[in-house]
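Per this note's numbering: the sequence shown = residues 20 to 138.
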Amino acid sequence: MHTITLASFVLFTGLVGLTTWWFTRGDDHASSKGYFLAGRTLSFPLIAGSLLLTNLSTEQMVGLNGAAFSDGLSVMAWEVIAVLALVLMALFFLPRFLKSGIATLPQYLALRFDHGTQV
């Protein structure tokens, strides 16, 4: 069973890597817009999925389940507030970010304050 598990892990990890390379082989990765924003070509479902899955990690899956077991379901408030915060961030901050053309947080800080905060 150990060999099958290891082989399937290597196979699927390689498949994900090969698929990612295939779809991104012609993209621009030299500029910050090309690297961080995929050249500003992503659609809404991909961006929303990225935000959702960024918030979903091993810590969330294991840690919050353990906290819910020990402390009760009040720990669900963390995820409910996270969803509300993501929606509010997308509604209020995203239009400003898109209008100003920034790609990273250091670029925003340099635009908002000065270039000394970008470092």
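For glycine and all other residues, C-beta sits at the position ideal for the given N, C-alpha and C. Predicted, not measured: the structure shown is a model, and the values here were computed from it.
Margin query: Give me the residue from T32, R44, G85, R59 with the minimum Cα distance to G120.
Written below: For the residues T32, R44, G85, R59, the minimum Cα distance to G120 belongs to R59.
Check: Are the beta-carbon atoms belonging to A101 and V94 less than 8 Å from one another?
Finding: no
Margin query: Quick check on DSSP: helix, strand or coil for G120?
Written below: Of the three classes helix, strand and coil, the one that applies to G120 here is coil, per DSSP.
Note to self: With H, G and I counted as helix, E and B as strand and the rest as coil, what does DSSP make of R44?
What the structure shows: coil
Next item on the list: Consult DSSP for S27 and reduce its assignment to one of helix, strand or coil.
Entry: helix
Margin query: Can you tell me where the alpha helix (DSSP H) holding A86 begins and where it ends?
Written below: Where A86 is concerned, the enclosing alpha helix (DSSP H) stretches over 83-90.
Item checked: Alpha carbon of T43 to alpha carbon of D90, nearest angstrom -> The straight-line gap from Cα to Cα measures roughly 44 Å.
Next item on the list: Inspect the beta-carbon positions of L139 and N74 and report whether they are closer than 8 Å.
Entry: For the chain, the structure presents residues 20 to 138; residue 139 sits outside this window and is missing.
Notebook entry, point to check: For W97, which residues from the same chain have a beta carbon less than 8 Å from its beta carbon, with the 5 sequence-adjacent residues on both sides left out?
Noted result: L83
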